[in-house]
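Colleague:
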Amino acid sequence: MKNQKVILIVTGGILVVFVLAGAFFIRDIYFGAGNQTQEINSGLDTVFLEQKDLKTYENFEGTLKYEDDVRIITEREGVLTYLAPEGQELSRGAEIYRIYRSTEASEILAADQQVTSAQANVAQAELAL
């Protein structure tokens, strides 16, 4: 009986030690991380922010010239309907090219161009007669 009591007391004591050690370990995991974050953040400086748009602007002096072919890649398909004339002075934000993006409108525009081309061919054929 005495041996069982001693074993029970020793086992209970070991169990209490493990529970206390676990509690301290868990407390450091949950509450210690917050202290580390505060220590890290305390070394940071604050600055004033200026809100701007996300466009990149570059200033160039000179004349727009057409020397080499340039491939224009757009997000969607469309028809190039406007290109800035050669020698035109461009200011910041000036339109350099315009793309017609509507699929139906693009098809109508292409059809109109085909009709105009056909009419020009007919006019040339009539002149040849």
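According to my numbering, the residues represented by the sequence shown are 1 to 129, in order. A virtual CB, placed ideally from N, CA and C, is assigned to each residue, including glycine. Because the structure is a prediction, the values reported are computed rather than measured.
Is the separation between the beta-carbon of L80 and that of I108 shorter than 7 Å?
Modeller: no
Colleague: How is the beta strand (DSSP E) around L99 delimited, first residue to last?
Modeller: Leu is not the amino acid found at residue 99; the sequence shown has Ile there. Y97 to Y100 is the span of the beta strand (DSSP E), which, as asked, contains I99.
Colleague: In angstroms, rounded to a whole number, what distance separates the CA positions of D112 and L49?
Modeller: 52 Å
Colleague: Which residue comes first and which comes last in the beta strand (DSSP E) that contains T81?
Modeller: For T81, the enclosing beta strand (DSSP E) covers residues V79 to L83.
Colleague: Is DSSP giving R71 helix, strand or coil here?
Modeller: coil
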